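Enquirer: First the structure, which I've put down as structure tokens, then a few questions once you've had a look.
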Amino acid sequence: MSPRAYTRMGRNPDASEELFKYGVVEVEYRRIPCRYGAYNVVFKGKEHSSYPNYIAILVLYVEGQNDITAVEVFQEDYKQWRPLRRAYGVVFDAENPPRGDLMLRFQVSGRGGVYWVQAKNAIPRDWKAGQAYDSQVQLD
1 MSPRAYTRMG RNPDASEELF KYGVVEVEYR RIPCRYGAYN VVFKGKEHSS YPNYIAILVL
61 YVEGQNDITA VEVFQEDYKQ WRPLRRAYGV VFDAENPPRG DLMLRFQVSG RGGVYWVQAK
121 NAIPRDWKAG QAYDSQVQLD
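All letters in the sequence shown, in the order written, are residues 1 to 140 by full-length UniProt numbering.
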């Protein structure tokens with residue numbers, strides 16, 4: 001946790017200073033389900049992606065108490081799914097992604113167990129960094 005975030009945990013400046021003296025502290029939290037209403041899961045090309053040699057994808061609008069734990073892209077020439085590397089959080093990347101439309105599937109972990117969901121919409125072959133692409137999938 002950054003010093004700035006750590007400082008904000010204190011109720012006032014004196015309490016923040018007291019927290020710093022402890023060093024490592026246990027934090028209790030309660031997970032709250034995300035609610036996005038009519039939004040589908042969206043794949044956004046991170047700004048540091050470089051067409052066509054490197055793609056980093058941020059997964060947005062994951063409904064409920066679900067986590068995206070893996071993303072794979074279908075490699076047409078080998079007729080198989082290829083895993084993307086989990087860079088951090090919900091950002092997944094790949095060097096030399098397949099040419100053409102990128103058909104993705106993602107692994108969901110939540111109350112319903114662990115399962116794969118294939119995006120109904122592919123990322124177009126001429127994808128751009130910073131652009132968001134609708135998967136046409138909603139999670140409950």
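Glycine included, every Cβ here is placed at the ideal spot set by N, Cα and C. These numbers come from a predicted model, not from an experiment.
So Trp81 and Phe74 are supposed to be a Cβ contact under 8 Å. How far apart are they, rounded?
Expert: Rounded, the Cβ-Cβ distance is 6 Å, consistent with contact.
Enquirer: With DSSP collapsed to three states, give me the class of Asp14.
Expert: The answer is helix: DSSP assigns Asp14 an H, G or I state.
Enquirer: Starting from Pro52, trace the alpha helix (DSSP H) in both directions and tell me its first and last residue.
Expert: Unbroken run through Pro52: none, as it is neither H nor E.
Enquirer: I need the straight-line Cα distance from Asn12 to Asn66, nearest angstrom please.
Expert: Cα to Cα, the separation comes out at about 34 Å.
Enquirer: Select from Leu102, Gly130, Ala87, His48 the residue whose C-alpha is nearest the C-alpha of Asp77.
Expert: With distances taken between Cα atoms, Asp77 lies closest to Leu102.
Enquirer: Return the chain-ordered list of same chain residues with a C-beta closer than 8 Å to the C-beta of Glu17, the five sequence neighbours on each side being excluded.
Expert: Result list for Glu17: Gly10, in chain order.
Enquirer: Let me know the secondary structure DSSP gives Pro33 once reduced to three states.
Expert: DSSP places Pro33 in coil when its eight states are reduced to three.
Enquirer: Suppose you measure from the CA of Trp127 to the CA of Gly45; what does that come to, to the nearest Å?
Expert: Rounded to whole angstroms, Trp127 to Gly45 spans 8 Å at the Cα level.
Enquirer: What residue from Val59, Pro52, Asp14, Gln107 has the CA that sits closest to Val42's CA?
Expert: Comparing Cα positions, the closest option is Val59.
Enquirer: Quick check on DSSP: helix, strand or coil for Leu139?
Expert: Here Leu139 sits in coil by DSSP.
Enquirer: In whole angstroms, give me the CA-to-CA distance for Arg85 and Val71.
Expert: Between Arg85 and Val71, the C-alpha separation is close to 8 Å.
Enquirer: What does the alpha-carbon distance come out to for the pair Ala56 and Ala94?
Expert: Going by the C-alpha atoms only, they are around 7 Å apart.
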